[in-house]
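Shown next, in C-alpha cells, is the structure this report addresses.
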Amino acid sequence: EAGVAQSPRYKIIEKRQSVAFWCNPISGHATLYWYQQILGQGPKLLIQFQNNGVVDDSQLPKDRFSAERLKGVDSTLKIQPAKLEDSAVYLCASSLAGDGIQYFGAGTRLSVL
Amino acid sequence: DQQVKQNSPSLSVQEGRISILNCDYTNSMFDYFLWYKKYPAEGPTFLISISSIKDKNEDGRFTVFLNKSAKHLSLHIVPSQPGDSAVYFCAASATASGTYKYIFGTGTRLKVLA
Numbered sequence: 853e854a855g856v857a858q859s860p861r862y863k864i865i866e867k868r869q870s871v872a873f874w875c876n877p878i879s880g881h882a883t884l885y886w887y888q889q890i891l892g893q894g895p896k897l898l899i900q901f902q903n904n905g906v907v908d909d910s911q912l913p914k915d916r917f918s919a920e921r922l923k924g925v926d927s928t929l930k931i932q933p934a935k936l937e938d939s940a941v942y943l944c945a946s947s948l949a950g951d952g953i954q955y956f957g958a959g960t961r962l963s964v965l
Numbered sequence: 056d057q058q059v060k061q062n063s064p065s066l067s068v069q070e071g072r073i074s075i076l077n078c079d080y081t082n083s084m085f086d087y088f089l090w091y092k093k094y095p096a097e098g099p100t101f102l103i104s105i106s107s108i109k110d111k112n113e114d115g116r117f118t119v120f121l122n123k124s125a126k127h128l129s130l131h132i133v134p135s136q137p138g139d140s141a142v143y144f145c146a147a148s149a150t151a152s153g154t155y156k157y158i159f160g161t162g163t164r165l166k167v168l169a
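One line per chain: the protein sequences are A and B, in this order.
The first sequence begins at 853 in my numbering and counts up by one.
The second sequence begins at 56 in my numbering and counts up by one.
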C-alpha cells in the first residue's frame, strides 16, 4: 500500500515570495492533516480536513497561509507571502475516519532566506 | 504553555539493554496517546498507541505504560537495537469532540550503542 506522498521534498525561497506544497494521502483516508515542524520542536497542527471540509484550522495563520482539499483526496498548502519564521518542515498526514492513528509523509523542508 | 513535555532531549543506551522514554502531560482531558519514531529526512512513523482505559499496551519489543494520576506515560524498548536510534515523539489527544487533535512533545533522541 502506498504511503502519504508529498512534494516537493525541499524548497528554498526568499521572504515575501509565495510557495505551495502538495500532499496525496493514503487511498481511502478521509482525514488529512497539515503540520508545521520547526527545528527542535514537535509537529504542530495547522489544519485538519475531513473529506473536503475543514474540521479545525484554529492554528493556521490565515493572513498568509491557505489550504484546500477540493475533491476530498489530495491537498495543497500555500504560504503567501513567506516570512523568515516560516522556515520549517511541513508534514502531511492522513487517517481513516474515526481512527486515531495518523500516517505521515516525508515532509517538505522549507527554507526562507 | 507546553501541554505535552518530553524533558529528556537525548538518551544513550547500550545495545540489548532497556530504553525508557518518558512523556508528561498537563491536560486531564487527554485520553489517547501515541508514540512515533522519526529518522532523519523521513516523516514520523507510528509505533504504538494507548487509550486512557488501559494502563499498558505491548507490541513486540515496545511497551507503553500510562499513569493517569501522574499524567505520565513511558515507552519501553526491550531489547534495544542500533536500528532503534531515532527521535521519538509522544502525542496526546482529547477525543471527547469525536476527533483526534494531537499535541506533540518536543522529542527525545535515542542513540543505541553497539
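Where a beta carbon is used, it is the ideal one built from N, C-alpha and C, also for glycine.
None of these values were measured; they are calculated from a predicted model.
7 Å Cβ cut-off: residues of chain A touching residue i
i, result
"residue 115/B", "Per Cβ cutoff of 7 Å: no residues; residue 115/B is ~16 Å from chain A at best."
"residue 21/B", "A question about residue 21/B goes unanswered here, because the residues of chain B that appear run from 56 up to 169."
"residue 120/B", "In chain order: nothing, as chain A lies at least about 18 Å away."
Member of the options whose CA lies at the smallest distance from the CA of residue i
i, options, result
"residue 915/A", "868/A, 863/A, 861/A", "868/A"
"residue 76/B", "148/B, 135/B, 107/B", "135/B"
"residue 952/A", "141/B, 168/B, 102/B", "102/B"
"residue 893/A", "89/B, 145/B, 153/B, 156/B", "145/B"
"residue 808/A", "854/A, 928/A, 902/A, 856/A", "Residue 808/A lies beyond the range of chain A shown here (853 to 965); nothing can be said about it."
"residue 58/B", "147/B, 167/B, 162/B", "147/B"
"residue 90/B", "82/B, 153/B, 83/B, 99/B", "99/B"
"residue 882/A", "961/A, 949/A, 962/A", "949/A"
"residue 855/A", "875/A, 937/A, 904/A, 862/A", "875/A"
"residue 963/A", "939/A, 885/A, 944/A", "939/A"
"residue 872/A", "911/A, 884/A, 858/A", "858/A"
"residue 130/B", "137/B, 120/B, 139/B", "120/B"
"residue 902/A", "961/A, 889/A, 945/A", "945/A"
Proximal residues of chain A, C-beta to C-beta of residue i below 9 Å
i, result
"residue 135/B", "Within chain A, no residue comes near residue 135/B; the closest Cβ sits about 22 Å away, beyond 9 Å."
"residue 87/B", "952"
Per-residue contacts from residue i into chain A (C-beta, under 8 Å)
i, result
"residue 156/B", "897, 900, 908"
"residue 161/B", "892, 893, 894"
Residue span of the beta strand (DSSP E) that contains residue i, given as start and end
i, result
"residue 93/B", "87 to 93"
"residue 113/B", "111 to 114"
"residue 122/B", "117 to 122"
"residue 856/A", "It is not in any beta strand (DSSP E) - residue 856/A carries neither H nor E in the DSSP assignment."
"residue 960/A", "960 to 964"
"residue 107/B", "Neither: residue 107/B is in no beta strand (DSSP E) and is coded neither H nor E."
"residue 61/B", "Segment: none, residue 61/B is in no beta strand (DSSP E) and carries neither H nor E."
"residue 76/B", "74 to 80"
"residue 211/B", "The structure shown does not extend to residue 211/B, since chain B is modelled only from 56 to 169, so the question has no answer here."
Buried/exposed call for residue i, threshold 16 Cβ in 10 Å
i, result
"residue 79/B", "buried"
"residue 954/A", "buried"
"residue 160/B", "buried"
"residue 74/B", "buried"
"residue 932/A", "exposed"
"residue 93/B", "buried"
Under 8 Å from the C-beta of residue i: neighbouring residues of chain B
i, result
"residue 873/A", "Per Cβ cutoff of 8 Å: no residues; residue 873/A is ~13 Å from chain B at best."
Chain B residues whose Cβ lies nearer than 7 Å to that of residue i
i, result
"residue 959/A", "98"
"residue 955/A", "101"
Inset, instruction - Give, in chain order, every unbroken run of the beta strand (DSSP E) that is at least 3 residues long and sits entirely within the region 862 to 946 of chain A. - result: 862 to 865, 871 to 876, 883 to 889, 896 to 902, 905 to 908, 917 to 920, 927 to 931
Inset, instruction - Could I get the ranges of all uninterrupted alpha helix (DSSP H) runs contained in the region 131 to 167 of chain B, with 4 residues as the minimum, in chain order? - result: none
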